[in-house]
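Here is the structure we will look at.
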Amino acid sequence: MTNAVQMRFWPDADMIRDRRGQVAAFIFGQQIVSTRGRNMGWYVNGWFRDPDGRAIGWTQGASGAGPMKPMSGMTPVRPVRGLHRFDPSDR
Numbered sequence: 020m021t022n023a024v025q026m027r028f029w030p031d032a033d034m035i036r037d038r039r040g041q042v043a044a045f046i047f048g049q050q051i052v053s054t055r056g057r058n059m060g061w062y063v064n065g066w067f068r069d070p071d072g073r074a075i076g077w078t079q080g081a082s083g084a085g086p087m088k089p090m091s092g093m094t095p096v097r098p099v100r101g102l103h104r105f106d107p108s109d110r
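Counting in the numbering used here, the sequence shown runs from 20 upward without gaps.
Below, the structure is given as structure tokens:
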């Protein structure tokens with residue numbers, strides 16, 4: 020199982036920082052390597068993937084296969100008037 024960590028990423032620096040701003044990992048090509056030299060996964064097309072290939076994060080503009088990103092700006096649907104409530108126990 021992958022431990023979730025909130026991270027910040029500066030694409031021009033090829034490094035990943037933790038919430039305190041400390042360097043947590045480096046990106047060499049597509050490989051993500053910890054500060055101790057351990058393979059932590061891959062960074063491909065804007066997606067961060069763990070060593071098993073599961074998507075665990077993304078950057079703005081990520082493309083290709085991955086889980087659905089959170090939606091924003093959705094307006095709630097208004098109730099439809101004139102419909103009767105359906106109760107299956109009434110049958």
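For every residue, glycine included, the Cβ atom is placed at its ideal position computed from N, Cα and C. Note that the structure is predicted; figures quoted are calculated from it, not measured.
Item: Contact under 8 Å by Cβ, Pro41 with Tyr62; Value: Here residue 41 turns out to be Gln, not Pro, going by the sequence shown. Cβ atoms of Gln41 and Tyr62: not closer than 8 Å.
Item: Phe47 burial status per 10 Å Cβ neighbour count (16 or more: buried); Value: exposed
Item: Collapsed DSSP secondary structure at Val99 in the structure displayed; Value: coil
Item: Nearest residue (CA-CA) to Arg68, options Gly56, Gly83, Pro98 and Thr94; Value: Gly83
Item: Between the CA atoms of Arg57 and Thr94 - distance to the nearest angstrom; Value: 44 Å
Item: For Gly65 and Gly80, believed in contact at Cβ under 8 Å, the rounded distance; Value: 6 Å
Item: Local Cβ density within 10 Å of Gly76, reported as buried at 16 or more and exposed below that; Value: buried
Item: Same chain, Cβ closer than 8 Å to Gly72, five either side skipped, listed in chain order; Value: Trp61
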